[in-house]
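If you're matching them up, the sequences are chains W and D in order. According to the numbering used here, the first sequence is numbered sequentially starting from 1. According to the numbering used here, the second sequence is numbered sequentially starting from 313. Backbone N, C-alpha and C define an ideal beta-carbon position, used for all residues, glycine too. A quick write-up on the structure given underneath.
There are 2 protein chains.
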Amino acid sequence: MTPFARIAIIGLGLIGSSLARAVRARMPGVALTGFDRDGAVCETVRRLSLLDSVAGSPAAAVAGADLVVLAVPLGAMRAVGEAIRPALAEGAILSDVGSSKQAVIDALADCVPPGVQLVPAHPVAGTEQSGPEAGFASLFMGRWCILTPPPAADPAAVARLADFWTRLGSRVETMDARHHDLVLAITSHLPHLIAYSIVGTASDLEDVTKAEVIKYSAGGFRDFTRIAASDPTMWRDVFLMNRDAVLEMLARFSEDLAALQRAIRWGDGEALFRRFEASRAIRRAIVDAGQDTGAADFGRSHPETPATTPGA
Amino acid sequence: MTPFARIAIIGLGLIGSSLARAVRARMPGVALTGFDRDGAVCETVRRLSLLDSVAGSPAAAVAGADLVVLAVPLGAMRAVGEAIRPALAEGAILSDVGSSKQAVIDALADCVPPGVQLVPAHPVAGTEQSGPEAGFASLFMGRWCILTPPPAADPAAVARLADFWTRLGSRVETMDARHHDLVLAITSHLPHLIAYSIVGTASDLEDVTKAEVIKYSAGGFRDFTRIAASDPTMWRDVFLMNRDAVLEMLARFSEDLAALQRAIRWGDGEALFRRFEASRAIRRAIVDAGQDTGAADFGRSHPETPATTPGA
Numbered sequence: 001m002t003p004f005a006r007i008a009i010i011g012l013g014l015i016g017s018s019l020a021r022a023v024r025a026r027m028p029g030v031a032l033t034g035f036d037r038d039g040a041v042c043e044t045v046r047r048l049s050l051l052d053s054v055a056g057s058p059a060a061a062v063a064g065a066d067l068v069v070l071a072v073p074l075g076a077m078r079a080v081g082e083a084i085r086p087a088l089a090e091g092a093i094l095s096d097v098g099s100s101k102q103a104v105i106d107a108l109a110d111c112v113p114p115g116v117q118l119v120p121a122h123p124v125a126g127t128e129q130s131g132p133e134a135g136f137a138s139l140f141m142g143r144w145c146i147l148t149p150p151p152a153a154d155p156a157a158v159a160r161l162a163d164f165w166t167r168l169g170s171r172v173e174t175m176d177a178r179h180h181d182l183v184l185a186i187t188s189h190l191p192h193l194i195a196y197s198i199v200g201t202a203s204d205l206e207d208v209t210k211a212e213v214i215k216y217s218a219g220g221f222r223d224f225t226r227i228a229a230s231d232p233t234m235w236r237d238v239f240l241m242n243r244d245a246v247l248e249m250l251a252r253f254s255e256d257l258a259a260l261q262r263a264i265r266w267g268d269g270e271a272l273f274r275r276f277e278a279s280r281a282i283r284r285a286i287v288d289a290g291q292d293t294g295a296a297d298f299g300r301s302h303p304e305t306p307a308t309t310p311g312a
Numbered sequence: 313m314t315p316f317a318r319i320a321i322i323g324l325g326l327i328g329s330s331l332a333r334a335v336r337a338r339m340p341g342v343a344l345t346g347f348d349r350d351g352a353v354c355e356t357v358r359r360l361s362l363l364d365s366v367a368g369s370p371a372a373a374v375a376g377a378d379l380v381v382l383a384v385p386l387g388a389m390r391a392v393g394e395a396i397r398p399a400l401a402e403g404a405i406l407s408d409v410g411s412s413k414q415a416v417i418d419a420l421a422d423c424v425p426p427g428v429q430l431v432p433a434h435p436v437a438g439t440e441q442s443g444p445e446a447g448f449a450s451l452f453m454g455r456w457c458i459l460t461p462p463p464a465a466d467p468a469a470v471a472r473l474a475d476f477w478t479r480l481g482s483r484v485e486t487m488d489a490r491h492h493d494l495v496l497a498i499t500s501h502l503p504h505l506i507a508y509s510i511v512g513t514a515s516d517l518e519d520v521t522k523a524e525v526i527k528y529s530a531g532g533f534r535d536f537t538r539i540a541a542s543d544p545t546m547w548r549d550v551f552l553m554n555r556d557a558v559l560e561m562l563a564r565f566s567e568d569l570a571a572l573q574r575a576i577r578w579g580d581g582e583a584l585f586r587r588f589e590a591s592r593a594i595r596r597a598i599v600d601a602g603q604d605t606g607a608a609d610f611g612r613s614h615p616e617t618p619a620t621t622p623g624a
């Protein structure tokens with residue numbers, strides 16, 4: 001028995017389309033509907049046969065669904081919630097995949113009719129790519145999915161959604177929404193902000209050309225450009241919606257960076273060494289926890305023949 | 313004809329041992345000697361048969377070599393230079409693989425006897441791993457190697473070293489040492505400093521546990537931990553030796569980050585979106601230039617079964 005019989009996914013980008021693929025792969029009997037406001041995305045989803053049917057509106061998509069997942073940018077949650085409210089079926093679970101959870105609870109508070117349970121969720125998974133063609137079924141395998149049910153949520157609904165994500169290969173954790181927002185501010189939001197920022201700094205230099213930045217990016221910079229290539233709309237909304245936690249983490253980061261800056265200015269090699277040495281333990285723990293590959297260089301390939309011709 | 317007949321490598325860690333392997337693979341006739349001050353490293357190099365002979369001292373290693381490559385931390389360059397000076401052969405080229413080049417020129421200025429050419433070099437390649445077992449022959453394939461000959465260097469010596477690195481699969485560029493230091497400050501040194509710093513910030517939080525940081529690191533943080541796992545001694549020396557360029561780039565980065573911080577505080581979504589959108593072009597250019605993989609997520613594997621058991 002799959003936990004749901006009919007699932008509607010609103011928003012069919014990287015995450016929404018990966019969810020559709022994962023459901024198809026793991027729960028082949030489930031009826032899948034969905035909607036995206038971008039007609040080209042709907043066309044692609046039809047062409048790839050990712051859903052049983054692409055609906056003409058959010059309300060039409062959710063009619064009769066016992067699970068509705070909103071996979072839209074945080075700033076679009078309220079409008080979608082209002083559009084689907086009248087069409088939500090009695091007994092349905094309304095969920096999402098947003099990266100900031102208190103914002104989702106606030107946005108959807110007025111969009112949950114009696115008999116519908118709101119159980120927000122955040123699968124901590126993704127890539128820097130966007131759109132339905134970038135999705136894949138195993139995106140959630142081995143990754144954590146954090147559920148942040150409001151205090152009044154029905155435990156049975158929470159358990160049902162936990163079962164759903166577990167069947168997709170995720171590990172499930174339940175957490176208070178505000179605590180989630182603090183945790184993700186440091187593990188996800190601040191890293192993205194910093195990556196976007198340094199890519200901007202590098203682009204704006206006068207003494208170093210953009211061509212030089214690109215050529216010599218293998219020294220470390222290229223690692224930052226990956227997450228700085230993530231969807232700008234999604235990330236704009238994350239920073240606007242999780243403002244306080246991001247500003248708090250950013251203040252701490254800036255203090256710590258200033259301390260390293262001071263150590264460099266005054267030639268305090270011991271302070272630098274101590275800080276640098278402590279970082280290896282965290283990396284090892286992340287690899288040991290199955291949250292990253294232990295292969296050198298993320299397992300990037302180092303073929304005996306270069307990808308492009310030298311000198312080209 | 314290989315450009316050199318006998319090569320000595322001082323320092324047999326990730327880079328030195330990779331160089332030995334690359335020479336073996338590409339120039340099998342060349343005699344390879346070397347030295348490392350760590351006896352355990354020498355033992356490993358002997359066990360792996362990476363060199364024809366591991367010498368008992370730096371001076372013994374370089375005797376008779378027509379190319380000497382120092383692959384030691386920047387802070388050790390001068391001491392090694394002084395140790396090998398009396399043993400350097402007439403006509404030899406003295407080079408290195410350090411990440412900051414004016415510092416190398418300054419450190420070795422008094423260690424170059426008449427008849428020896430100093431041609432510093434920086435292969436922009438590496439991984440977060442350290443030691444002779446982490447090295448591999450294809451590390452330099454398709455990567456740039458930057459030569460920073462002092463103005464008085466013999467062009468023939470520079471051409472010979474350029475030929476050498478080209479045969480190892482690298483693309484070679486010649487650059488003024490100070491300009492190199494500025495370019496690498498943004499493409500390599502600042503990214504490492506920021507990565508070390510945010511890993512420190514994440515470790516020191518009170519409201520978010522280290523276990524949570526590790527579990528949810530797939531949201532972006534784990535990308536930073538890779539380069540923050542790099543060799544602490546090497547990186548301490550880079551920041552001490554390229555101080556001015558790093559402080560300059562750090563000041564610019566902090567300004568740009570403060571501008572994003574302000575946009576978040578005041579809810580300026582348009583400013584955030586503009587900055588974020590511009591970053592994608594740089595990522596594309598880096599992939600197009602063959603300096604990173606275009607595969608999503610650095611090509612990390614997403615197997616259908618997770619690496620470790622869910623819930624474990």
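(request) Report the partner residues of D/Asp408 according to the DSSP bridge assignment. (result) As a working mapping, residue 408 of chain D is identified with position 96 in the second sequence. D/Leu382, per the DSSP bridge assignment.
(message) Once the 5 residues before and after W/Thr308 are set aside, which same chain residues still bring their CB inside 6 angstroms of it?
(response) As a first step, residue 308 of chain W must be located in the first sequence, where it is residue number 308. Bear in mind that a pLDDT of 45 at W/Thr308, under 50, signals an unreliable position, so the number given afterwards is only what the model happens to contain. If we look at W/Thr308 and ignore the five residues flanking it on each side, it has no Cβ neighbours.
(request) Write down every uninterrupted run of the beta strand (DSSP E) in the stretch 429-465 of chain D whose length is 3 residues or greater and which is fully enclosed by it, in chain order. (result) 433-435, 456-459
(message) If you reduce the DSSP assignment to three classes, tell me which class W/Gly34 lands in.
(response) The residue labelled residue 34 of chain W in the question sits at position 34 within the first sequence. Looking at W/Gly34 - three-state DSSP - the assignment turns out to be strand.
(request) Output the distance between the C-alpha atoms of W/Asp244 and W/Arg178, rounded to the nearest integer angstrom. (result) Position 244 of the first sequence holds residue 244 of chain W. Position 178 of the first sequence holds residue 178 of chain W. When rounded, the distance between both Cα atoms is 10 angstroms.
(message) Counting C-beta neighbours from all protein chains within 10 Å, is the total for D/Pro444 16 or more, i.e. buried, or is it exposed?
(response) Taking the second sequence and counting its residues from 1, one reaches residue 444 of chain D at position 132. So D/Pro444 counts as buried.
(request) Compare the C-beta of W/Gln102 with all C-beta atoms of chain D and state if any pair is closer than 8 angstroms. (result) In the first sequence, the residue the question calls residue 102 of chain W occupies position 102. It does not: the Cβ of W/Gln102 has no partner Cβ on chain D nearer than 8 angstroms.
(message) Can you look up D/Thr605 in the DSSP assignment and give me helix, strand or coil?
(response) Taking the second sequence and counting its residues from 1, the one referred to as residue 605 of chain D is at position 293. Correct three-state label for D/Thr605: coil.
(request) Could you list which residues in chain D have their beta carbon closer than 7 angstroms to that of W/Ser138, in chain order? (result) Sequence index remark: in the first sequence, residue 138 of chain W carries index 138 (1-based). Chain D residues near W/Ser138: His614, Pro615, Glu616.
(request) Tell whether a beta-carbon distance below 8 angstroms holds between W/Leu108 and W/Gly75. (result) Sequence index remark: in the first sequence, residue 108 of chain W carries index 108 (1-based). Sequence index remark: in the first sequence, residue 75 of chain W carries index 75 (1-based). No, Cβ-Cβ distance for W/Leu108 and W/Gly75 is not below 8 angstroms.
(message) Quick test of your reading: D/Val335 and D/Leu344, contact by CB under 8 angstroms. State the CB separation rounded to the nearest angstrom.
(response) Mapped onto the second sequence, residue 335 of chain D falls at position 23. Mapped onto the second sequence, residue 344 of chain D falls at position 32. Indeed, because the Cβ distance is near 6 angstroms, the residues count as touching under 8 angstroms.
(message) With distance defined between alpha-carbon atoms, name the residue in W/Glu173, W/Arg275, W/Glu128 nearest to W/Pro232.
(response) Residue numbering aside, residue 232 of chain W sits at position 232 when the first sequence is read from its first letter. For W/Pro232, the nearest C-alpha among the options comes from W/Glu128.
(request) Indicate whether D/Leu379 and D/Ile405 have their beta-carbon atoms separated by less than 8 angstroms. (result) Against the second sequence, residue 379 of chain D aligns to sequence position 67. Against the second sequence, residue 405 of chain D aligns to sequence position 93. Against a cut-off of 8 angstroms, the Cβ pair of D/Ile405 and D/Leu379 comes out as a contact.
(message) I want to know whether the stretch 223-241 of chain W touches the stretch 546-554 of chain D - three or more CB-CB distances under 8 angstroms.
(response) no
(message) Give me the chain W residues within the contact set of D/Ala608, using Cβ-Cβ distance strictly less than 8 angstroms, ordered along the chain.
(response) Translated into the one-based positions of the second sequence, residue 608 of chain D becomes position 296. Going along chain W in sequence order, the residues near D/Ala608 (Cβ under 8 angstroms) are Thr127, Glu128, Gln129, Ala134.
(request) Would you identify the three-state DSSP class for D/Ser365, choosing helix, strand or coil? (result) As a working mapping, residue 365 of chain D is identified with position 53 in the second sequence. In this structure, D/Ser365 counts as strand in the three-state DSSP scheme.
(message) Beta carbons nearer than 7 angstroms to chain W: which residues of the stretch 339-369 of chain D have them?
(response) none
(request) Could you list which residues in chain D have their beta carbon closer than 8 angstroms to that of W/Ser17, in chain order? (result) One-based indexing of the first sequence puts residue 17 of chain W at position 17. What W/Ser17 touches in chain D: nothing, since even the nearest Cβ is about 13 angstroms away.
(request) Give the DSSP bridge partners of W/Thr174, in chain order. (result) Translated into positions along the first sequence, residue 174 of chain W becomes position 174. Beta-bridge pairing links W/Thr174 to W/Leu147.
(message) Taking CB distances under 8 angstroms as the criterion, tell me whether D/Val314 reaches chain W.
(response) Within the second sequence, the letter at position 2 stands for residue 314 of chain D. Looking at the sequence provided, one finds Thr at residue 314 of chain D rather than Val. Cβ-Cβ to chain W under 8 angstroms: no for D/Thr314.
(request) Report the neighbours of D/Phe536 on chain W: residues whose CB is nearer than 7 angstroms to its CB, in chain order. (result) Indexing the second sequence from 1 puts residue 536 of chain D at position 224. Those within 7 angstroms of D/Phe536 in chain W are Pro191.
(request) Check the Cβ-Cβ distances between D/Gly325 and every residue of chain W, and say whether any is below 8 angstroms. (result) Mapped onto the second sequence, residue 325 of chain D falls at position 13. So, not an interface residue.
(message) In whole angstroms, give me the CA-to-CA distance for D/His501 and W/Ile9.
(response) Here residue 501 of chain D is taken as the residue at index 189 of the second sequence, counted from 1. Here residue 9 of chain W is taken as the residue at index 9 of the first sequence, counted from 1. About 43 angstroms.
(request) In angstroms with no decimal places, state the Cα-to-Cα distance between D/Pro467 and D/Asp418. (result) As a first step, residue 467 of chain D is located in the second sequence; it is residue number 155 there, counting from the start. As a first step, residue 418 of chain D is located in the second sequence; it is residue number 106 there, counting from the start. One C-alpha to the other measures close to 20 angstroms.
(message) What would DSSP say about W/Arg275, mapped onto helix, strand or coil?
(response) Residue numbering aside, residue 275 of chain W sits at position 275 when the first sequence is read from its first letter. In the structure shown, W/Arg275 sits in a helix (DSSP, three-state: H, G or I).
(request) Compute the Euclidean distance between the alpha carbons of D/Ala583 and D/Phe476, then round it to the nearest angstrom. (result) By one-based count along the second sequence, residue 583 of chain D stands at place 271. By one-based count along the second sequence, residue 476 of chain D stands at place 164. Those two C-alpha atoms are separated by around 48 angstroms.
(message) For D/Gly532, count the other beta carbons within 10 Å of its own beta carbon; 16 or more makes it buried, fewer makes it exposed. Which is it?
(response) Your numbering for residue 532 of chain D matches position 220 in the second sequence. Classification of D/Gly532: buried, given that the 10 Å Cβ count is 16 or more.
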